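Under UniProt numbering, the sequence shown has 58 at position 58, and the numbering climbs by one with no breaks. Think of the CB as a built atom: it goes at the ideal place given N, C-alpha and C, for glycine as much as any other residue. These numbers come from a predicted model, not from an experiment. Please read the structure below before turning to the comments.
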Amino acid sequence: MTPAPASNVERLGASPRLGRRIALAFALGAILLTALFAALSMQAQSRLASEVFARSVSQLADLTARDMGGAVKFAKTEIIEETLVHLSEANGRAFGGARVVNAAGETLDEVGALTRAPAAAALLARTLETGEPGASADGLTQARAVRFGKGQDIVGAILVSWTDAVIVADVRASAMRLAGLGLAIALGAGALGMWALTRLLTRPLVQLGATVRKLIAGEDASIPGFERMDEIGMLARSVGEIHEQSQASARTRRALDSASTLLMIADTEDRITYVSPSLVQLLDRAGDGIRKMVPQFDPAKLIGVDFHIFHRNRSHQVDKLHDMTEKLITDIRLGERRLNLVVSPIFGRRGQRIGTVVEWLDRTEDLAILAAIDETAAKAAEGDFSRRIKPHGADENLEQVARQVNRICETIDRFLTEVETPVKAMADGDLSHRSGAEFHGRFADVTGSVNATLDRLGGLVADIKAAERAMRGNIDEVSGGAGDLSSRTEAQASALEETSATVEEISATISTNADGAKQASTMAADARDRAQMGQSVVGDAVGSMKEIEESSARISDITAVIDSIAFQTNLLALNAAVEAARAGEAGKGFAVVASEVRTLAQRSSEAARDIKELIAASGAKVADGVRHVHATGEALGGLMSAISSMSETIDDIARASREQATGMQEITQAVSHMDETTQRNASMAEQSARAAEALRTQSDTLAELIGFFHAEAASRNRAA
1 MTPAPASNVE
11 RLGASPRLGR
21 RIALAFALGA
31 ILLTALFAAL
41 SMQAQSRLAS
51 EVFARSVSQL
61 ADLTARDMGG
71 AVKFAKTEII
81 EETLVHLSEA
91 NGRAFGGARV
101 VNAAGETLDE
111 VGALTRAPAA
121 AALLARTLET
131 GEPGASADGL
141 TQARAVRFGK
151 GQDIVGAILV
161 SWTDAVIVAD
171 VRASAMRLAG
181 LGLAIALGAG
191 ALGMWALTRL
201 LTRPLVQLGA
211 TVRKLIAGED
221 ASIPGFERMD
231 EIGMLARSVG
241 EIHEQSQASA
251 RTRRALDSAS
261 TLLMIADTED
271 RITYVSPSLV
281 QLLDRAGDGI
291 RKMVPQFDPA
301 KLIGVDFHIF
311 HRNRSHQVDK
321 LHDMTEKLIT
331 DIRLGERRLN
341 LVVSPIFGRR
351 GQRIGTVVEW
361 LDRTEDLAIL
371 AAIDETAAKA
381 AEGDFSRRIK
391 PHGADENLEQ
401 VARQVNRICE
411 TIDRFLTEVE
421 TPVKAMADGD
431 LSHRSGAEFH
441 GRFADVTGSV
451 NATLDRLGGL
461 VADIKAAERA
471 MRGNIDEVSG
481 GAGDLSSRTE
491 AQASALEETS
501 ATVEEISATI
511 STNADGAKQA
521 STMAADARDR
531 AQMGQSVVGD
541 AVGSMKEIEE
551 SSARISDITA
561 VIDSIAFQTN
571 LLALNAAVEA
581 ARAGEAGKGF
591 AVVASEVRTL
601 AQRSSEAARD
611 IKELIAASGA
621 KVADGVRHVH
631 ATGEALGGLM
641 SAISSMSETI
651 DDIARASREQ
661 ATGMQEITQA
671 VSHMDETTQR
681 NASMAEQSAR
691 AAEALRTQSD
701 TLAELIGFFH
711 AEAASRNRAA
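Right, here's the structure in full:
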């Protein structure tokens, strides 16, 4: 046997490195596979956690907006600030910020800096304008209209921003822990593989190399490894080609038959030459689906059958396989089974194509679990957490992921059910329900916030009811007082109206008396002038009796006038005395004047009677006229003095009457002003009564609105 070249001998001596390379490749493959599954798990869990968190954020924004209606309506900034601070403290690092505005868009309170972004401000303005809920693309910024009142009018809006960095970090940390565990398993498997390769591969190769070197050296040696079913056996069989080739083929076939690997081998004409028993079993299970495409399909009679029986476009597959120089990976569906095919060309010693080997991988269960995970995540994104995944027959890592997804769904479903009960009861006006289940982390924070919100809302309802009852009592008192005031004011206005009419009548009477006094003054002046003329006549009476008679006739007329004046003056004095008596204390001075005027009137009447007697005597005693002319002149002089005094007195009466008329006009104006003021007071009292009645109606409406809530249990909880 020709000795091998030295370089070949050295390469044979270097074969122990092969075990380390294979072990390294195995470890790298395990690490890559672990990293792949860890990345997929982290991506799925991150997406699911973000979606669940966004939905929780939306619900929390709805609850916060509903709780702020009254505070935003009446600009209770301290309540708004307390709510936002509590929201920030309850959510910790996940809380990004919040902003509350009134209906005019004015900021009432703001926490955090995330709400100042232009996109957030635009979202808040759009929600305030339309009243529709708004959210950012990732769902972490929520805007809600704040409503209040029976008509649910928009009184403002709230913008709340969150960050899912904490949740994403937790998910990544969990994924990294799983990756670390997988890496440890992979490294352990690599170490075990290294040990196994050292014992099963490297050592036999070294022994075979020593045997080959002995054979090269011309020594006799038995070739080890004939009984092995691996590459060592192939090397051993290559030394003894004829015997070892036949033995190796048999051993290889038996090894493939006993292995669980799904293998199919075809020759250069694409006829099937080998099918592993495990693959036959798989094809038998999928036989019904395959026979829909190939009616004559029989998994027990595949040897010699065209390799492309599973493909509809045979020519395309033939060209594709014949031109193939490296492995091809593809997926096919056989009935309900999903299979992954790894097609590899088989080359001979000289590089010629001698066949094709196909490794079948059944991925039905793996894909089913992945599909179930996707479906469960989709349903969870839609709010349905009732779906559960049945991990059976799939990869261990996928089963672990499925169990974790089930656990997440169960926890969220239980949490939402626990929170939904008190929230639904609150929507029906019952504030007595509370969440009593035990949760951890953010779930515990949310349930605690819900319970605290219900406690505070119950206390608020109880306080509002107490305030409404107190307000109702005050309204009743105000309403009764306003009604009494209105009645008294109307009575006072009626009395003032009657007084005003009476004062106007007195004023008219006084004006009439003043006019009469003025006329009497004029007549007294005329009488004085006539008395002066009578005195002249008396002076001339000595010369002519006829003139005396004429003068007597005129004097008779004058006495009639004086008698009339005296009568009228007496009536005027009597009326003045009556009016002075009506005026009371204020008319005492006027009563004195009236008494004097009456006295003067009586004296004037007596003087007139005397004059009449004198005229009668002068008519009887014409003969004695001359004798009595002198006496008559003296009497006329006294009469002129009396008339002058009476004229002055009448002038005083007229002047006093004018002053009294002016005073009565002022009194009339004052009484009229009082009457007008009283009328306005009566109108205002009536308006106050109507306003009190309207306030009573609004109080009844408030009582009806707040009566919707049953806050007794909440009040007991707060008292406890």
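request  = Give every residue of the same chain whose Cβ lies closer than 8 Å to the Cβ of Ile-346, excluding the five residues on either side of it in the sequence, and list them in chain order.
outcome  = Ile-265, Arg-353, Ile-354, Gly-355, Thr-356 and Val-357
Neighbourhood of Glu-269 by C-beta distance below 8 Å, restricted to the same chain and skipping five residues each side: none
Note to self: Buried or exposed for Ala-580, going by 16 or more other Cβ atoms inside 10 Å?
What the structure shows: buried
- Query: First and last residue of the alpha helix (DSSP H) that includes Arg-126?
  - Reply: 118-130
Would you list the residues sitting across from Thr-141 in a DSSP beta bridge? Ser-161
In the DSSP assignment, the beta strand (DSSP E) including Val-72 goes from what residue to what residue? Taken as a continuous stretch (DSSP letters only), Val-72 belongs to no beta strand (DSSP E), being part of the alpha helix (DSSP H) at 69-73.
Query raised in the report: Among Ile-185, Ile-667 and Asp-428, which one has its Cα closest to the Cα of Leu-32?
Result: Ile-185
**Asked** Contact check, Thr-83 vs Asp-67 under 8 Å by CB: the rounded distance?
**Response** 7 Å
**Message:** Whole angstroms are fine: how far does the CA of Ser-487 sit from the CA of Arg-658?
**Reply:** 39 Å
Comparing C-alpha positions only, which one of Thr-376, Ala-65, Thr-421 and Thr-417 sits nearest to Gln-404?
Thr-376
Report all residues from its chain with a CB closer than 7 Å to the CB of Lys-73; omit the five preceding and five following residues, and keep chain order.
Phe-148 and Val-155
task = Determine, using beta carbons only, whether Ser-647 and Ala-566 come nearer to each other than 8 Å.
result = no
Out of Gln-400, Ala-682 and Glu-504, point me to the one whose CA is closest to Gln-665's CA. Glu-504
Beta strand (DSSP E) containing Val-275: first to last residue? 272-275
Open item on the list: With three or more C-beta pairs closer than 8 Å as the rule, is the region 505-524 touching the region 649-656?
Closed with: yes
> When the Cα of Ser-276 is compared with those of Asp-267, Leu-263, Glu-326 and Leu-302, which residue comes out closest?
Replying inline: Leu-263
Using DSSP with H/G/I as helix, E/B as strand and the rest coil, what is Ile-154? strand
| task | Go ahead and label Met-293 buried or exposed: buried means 16 or more other beta carbons lie within 10 angstroms of its beta carbon, across all protein chains shown. | result | exposed
* Going by other Cβ atoms of all chains shown within 10 Å of its Cβ, with 16 needed for buried, is Arg-144 buried or exposed? -> buried
Practice task
With DSSP as the reference, label His-243 as helix, strand or coil.
Solution key: At His-243 the pLDDT is 37, less than 50, meaning the model places this residue with poor confidence; the figure from the coordinates comes in the next sentence. Helix.
Since residue 735 sits in a beta bridge, which residues does DSSP pair it with?
Lying before the first or after the last residue shown, residue 735 is absent from the chain, which here runs from 1 to 720.
Quiz item: Can you pull the DSSP bridge partners for Gly-355?
Solution: Ile-346
Original post:
DSSP three-state call for Asp-652: helix, strand or coil?
Top reply: helix
Practice prompt. Taking Ile-303 as the reference, give the member of Asp-455, Thr-502, Gly-134 and Ile-272 with the closest Cα.
Written response: Ile-272
#### Entry: Delimiting residues of the beta strand (DSSP E) encompassing Asp-109
107-112
**OP:** For Gln-669, count neighbouring Cβ atoms within 10 angstroms of its own Cβ and tell me buried if that reaches 16, exposed if not.
**Re:** exposed
**Q.** Cβ neighbour criterion (16 or more within 10 Å) applied to Gln-142
**A.** buried
Exercise for the section: Check each candidate in Gly-112, Val-423, His-440 and Ser-500 and name the one with the smallest Cα separation from Gly-458. Expected result: Val-423
What does the Cβ neighbour count give for Pro-204, buried or exposed, with the cut at 16 atoms within 10 Å? buried
task = With a 10 Å radius around its C-beta and 16 neighbouring C-beta atoms as the bar for buried, classify Thr-64 as buried or exposed.
result = buried
Suppose you measure from the CA of Ala-71 to the CA of Leu-108; what does that come to, to the nearest Å? 10 Å
Taking buried to mean at least 16 other C-beta atoms within 10 Å of its own C-beta, is Gln-660 buried or exposed? buried
Do you know offhand how far Ala-467's Cα is from Thr-662's? 59 Å
Quiz item: Are the Cβ atoms of Thr-569 and Leu-600 separated by less than 8 Å?
Solution: yes
* Asked: Nearest-angstrom Cα distance between Thr-421 and Thr-447?
  -> 11 Å
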